[in-house]
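Data first, discussion second: the structure below is written as structure tokens.
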Amino acid sequence: MKFNNSFPYPVLSPENDDYKGSAFETRVEAQKTFGQLYINLHCNLQDQKITSLINEGKAKYALHVECPQTSFRKIYQSEETKIVATINENHLRGKIDVHPFILANETIEEYTNPNLNDFYTDATITYEKGNILALGEAVEVTLHELDEESQNLPSIVTIRRSESAKELVVSLNSPQIIIELPKAIYDQYAINAGSRLKETILSMVILPSLIEVFYILKEDSADYSEYKWYQVLEQIFKKNNIPLTQVIDGTTPVLRAAQMVLQNPLEKAFNEIQKLNEGME
Amino acid sequence: MKIKFLSEDALQDLRVNFETYKEHYYRRDDAWFDAYLSQEGRLLESKIEFEKPELHRGEDYLVSDYENVKIVYESLKELPVSLATQEKLWSGLAHVYFRDYIYYRIAKDIEKKNDTRIKSAMFFENGAKRSLFVHALARLWWVGYMTYDENKQENPYWLIEFFCSADFSARCVVFFSSNFTSNRAITKGILRALIGLRDEGVAIKRAHFVESTKFLNISGGAMVLDLLEEDEVKEMVEKRVRKVFGIQNNIPFSLLL
């Protein structure tokens, strides 16, 4: 579920200035134990009016959990500031979107709140059931099928021999990034990939492929976010303190991103070439 | 018998080299498929028990799609959902056990050598979620899973019967590519609204489905739909569809007397 953050009524959120002096802070923790995923939400609400609506049962804290890939979608509600969602891992795969809210549980007419921004003075505000009174920070939880150690580039790239390809082709519609090579070139690759020109081959084959991958992501990243390769790339960038979104929005240039992932591929390749040439002299 | 999957290697080989292998699909070349799949490393055995069911292959897809949703979902009801999202399972089932069904269901596309449909029927070609409702076999299970009504003991498939009554392929994609239809109360609310209108004599077309999901999509921008009860969703959708398509409220016969 994606919200655009603009609503036809005031919403208490750090993203806007609908309220002055009120706050809704949330903390989400996810924990995996014995086939269950526990999502814990802790809320801290500082607003008297909304607190009293919750006490009257007219509004509730809520935790919305959605896993697009498995079509899991559920809302958990409570009058308490702590909510625990327990979900069988079998119902989840890959990316899980978690949204904390305070929601109207029934129609709330003629809503007023002394902390509302002056903009709302004299406005008649009505909340319908399901409308959002407060919005917490959205969190994305990713369930990895593999352990941490295998969250690396080789685990998400496969090079294949193609009977029909005439040149290098990259395809992204599968859990792995598939690099197809024409058969004669693939055979050469297979013979030489482990040789002392390994890094050079990496620069020739993987570097342009990664550039292509990032360009495709810049065009449309949403389509691919469900795939394992995307999630692992996300992790690789996160570990290096650069969010993958910076590549997608252009803050980090594609060419730079590809070289970062391969960690100075040109330098490594030229070192190999130099060694080889030195050996020949 | 335990279900066999395609290995990652076999799956990628079949996909990448489809151009080379496509003749075998056109010619329904079972001998080739059997030989290919019997090579070492092509298949992996899962832990899931399964009896291969006979699928319906009647002349009318409207009938057979409905029957087959029931058959496939019943025979694989215990499938963990996370596994049911995986291409190697569905592509494996399609290649290993259900080639005859695929030949039947996309017969015209095979005849016309429509590679795009052959590929999307056998592999996941349309993104992780959409493919579940496009793949010829996966969509049968997924439509079953998404609409099975355990509260209706006498016929838990009553919603599917309606869903499959026309335009199955398009309905699958239009209806289930919305995220909110992941919520059963919403899915059931929409389908019950449309079934109610059908029972009044309205011919439910694709436009009615599109309008229902479009309307909820817009509403979902300002409210969390998941808070609504099934009946509330039904009411909202019914009201909207009546308004947009100019359908009068039914006047009970007793009031006319």
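Chains as they are written, first to last, in our numbering: chain A, 491 to 771; chain B, 689 to 945.
Glycine residues also receive a C-beta, built at the ideal position from the N, C-alpha and C atoms.
Endpoints, the beta strand (DSSP E) within which residue i is located
{"i": "residue 644 of chain A", "result": "Counting along the chain, residue 644 of chain A falls outside any beta strand (DSSP E), and DSSP gives it neither H nor E."}
{"i": "residue 933 of chain B", "result": "Residue 933 of chain B -> not in any beta strand (DSSP E); alpha helix (DSSP H) instead, spanning 918-933."}
{"i": "residue 520 of chain A", "result": "513-523"}
{"i": "residue 817 of chain B", "result": "Unbroken run through residue 817 of chain B: none, as it is neither H nor E."}
{"i": "residue 736 of chain B", "result": "731-737"}
{"i": "residue 690 of chain B", "result": "690-694"}
{"i": "residue 671 of chain A", "result": "667-672"}
{"i": "residue 808 of chain B", "result": "Careful: residue 808 of chain B lies outside any beta strand (DSSP E), inside the alpha helix (DSSP H) at 803-810."}
Buried or exposed (CB count within 10 angstroms, at least 16 for buried), residue i
{"i": "residue 639 of chain A", "result": "In this predicted model, residue 639 of chain A has a pLDDT of only 45, less than 50, meaning its place in the structure is not dependable; the value taken from the coordinates is given anyway. Residue 639 of chain A should be labelled exposed."}
{"i": "residue 689 of chain A", "result": "buried"}
{"i": "residue 775 of chain B", "result": "buried"}
{"i": "residue 861 of chain B", "result": "exposed"}
{"i": "residue 714 of chain A", "result": "buried"}
{"i": "residue 637 of chain A", "result": "Low confidence applies to residue 637 of chain A: its pLDDT is 47, below 50, so where it sits in the model is not reliable, and the reading given next is rough at best. The residue in question, residue 637 of chain A, is exposed, as its Cβ has fewer than 16 Cβ neighbours within 10 Å."}
{"i": "residue 835 of chain B", "result": "buried"}
{"i": "residue 813 of chain B", "result": "buried"}
{"i": "residue 898 of chain B", "result": "exposed"}
{"i": "residue 601 of chain A", "result": "buried"}
{"i": "residue 817 of chain B", "result": "buried"}
{"i": "residue 498 of chain A", "result": "exposed"}
{"i": "residue 611 of chain A", "result": "exposed"}
{"i": "residue 500 of chain A", "result": "buried"}
{"i": "residue 811 of chain B", "result": "buried"}
{"i": "residue 770 of chain A", "result": "exposed"}
Spatial neighbours of residue i in its chain, beta-carbon cut-off 7 Å, leaving aside the 5 residues before and after
{"i": "residue 853 of chain B", "result": "750"}
{"i": "residue 876 of chain B", "result": "837, 847 and 918"}
{"i": "residue 739 of chain B", "result": "689 and 763"}
{"i": "residue 733 of chain A", "result": "727"}
Span of the alpha helix (DSSP H) around residue i
{"i": "residue 786 of chain B", "result": "Segment: none, residue 786 of chain B is in no alpha helix (DSSP H) and carries neither H nor E."}
{"i": "residue 698 of chain A", "result": "688-709"}
{"i": "residue 714 of chain B", "result": "706-714"}
{"i": "residue 760 of chain B", "result": "749-763"}
{"i": "residue 1002 of chain B", "result": "This structure gives no information on residue 1002 of chain B, because the portion of chain B shown stretches from 689 to 945."}
{"i": "residue 538 of chain A", "result": "538-545"}
{"i": "residue 822 of chain B", "result": "No alpha helix (DSSP H) contains residue 822 of chain B, which DSSP labels as neither H nor E."}
{"i": "residue 659 of chain A", "result": "It is not in any alpha helix (DSSP H) - residue 659 of chain A instead sits in the beta strand (DSSP E) that spans 659-661."}
{"i": "residue 877 of chain B", "result": "872-887"}
{"i": "residue 898 of chain B", "result": "894-907"}
{"i": "residue 726 of chain B", "result": "718-726"}
{"i": "residue 847 of chain B", "result": "846-851"}
Within 9 Å, strictly: CB atoms of residue i and residue j
{"i": "residue 579 of chain A", "j": "residue 625 of chain A", "result": "no"}
{"i": "residue 772 of chain B", "j": "residue 793 of chain B", "result": "no"}
{"i": "residue 518 of chain A", "j": "residue 574 of chain A", "result": "no"}
{"i": "residue 565 of chain A", "j": "residue 915 of chain B", "result": "yes"}
{"i": "residue 553 of chain A", "j": "residue 582 of chain A", "result": "no"}
{"i": "residue 650 of chain A", "j": "residue 670 of chain A", "result": "yes"}
{"i": "residue 620 of chain A", "j": "residue 717 of chain A", "result": "no"}
{"i": "residue 512 of chain A", "j": "residue 595 of chain A", "result": "no"}
{"i": "residue 892 of chain B", "j": "residue 885 of chain B", "result": "yes"}
{"i": "residue 590 of chain A", "j": "residue 516 of chain A", "result": "yes"}
{"i": "residue 755 of chain A", "j": "residue 697 of chain A", "result": "yes"}
{"i": "residue 925 of chain B", "j": "residue 878 of chain B", "result": "yes"}
{"i": "residue 691 of chain A", "j": "residue 682 of chain A", "result": "yes"}
{"i": "residue 733 of chain B", "j": "residue 758 of chain B", "result": "no"}
{"i": "residue 787 of chain A", "j": "residue 830 of chain B", "result": "Look at the range of chain A in this structure, 491 to 771, and you will see that residue 787 of chain A is not part of it."}
{"i": "residue 737 of chain A", "j": "residue 760 of chain A", "result": "no"}
Sequence-distant residues of its chain with Cβ nearer than 8 Å to residue i (five each side left out)
{"i": "residue 730 of chain A", "result": "750"}
{"i": "residue 569 of chain A", "result": "544, 545, 547, 550 and 551"}
{"i": "residue 700 of chain A", "result": "747, 748, 751 and 752"}
{"i": "residue 805 of chain B", "result": "794 and 797"}
{"i": "residue 505 of chain A", "result": "495 and 625"}
{"i": "residue 900 of chain B", "result": "878, 881, 882, 925, 928 and 929"}
Sequence-distant residues of the same chain with beta carbon closer than 6 Å to residue i, five excluded per side
{"i": "residue 745 of chain B", "result": "792"}
{"i": "residue 629 of chain A", "result": "518 and 588"}
{"i": "residue 786 of chain B", "result": "825"}
{"i": "residue 572 of chain A", "result": "532"}
{"i": "residue 665 of chain A", "result": "717 and 718"}
{"i": "residue 652 of chain A", "result": "670"}
{"i": "residue 845 of chain B", "result": "758"}
{"i": "residue 557 of chain A", "result": "582 and 586"}
Under 8 Å from the C-beta of residue i: neighbouring residues of chain E
{"i": "residue 775 of chain B", "result": "In the structure shown, chain E does not exist; the protein chains are A and B."}
Check: residue i C-beta below 8 Å from any heavy atom of the ligand COA
{"i": "residue 741 of chain B", "result": "Looking at this structure, you won't find the ligand COA or any other ligand, since it has none at all."}
- Of all the beta strand (DSSP E) runs that stay within the bounds of the segment 554-638 of chain A, which reach a length of 3 or more residues? 562-568, 572-578, 584-594, 598-601, 615-617, 622-625 and 629-633
- For the segment 724-758 of chain A, list the alpha helix (DSSP H) runs that are entirely contained and at least 4 residues long, ordered along the chain. 734-738 and 744-751
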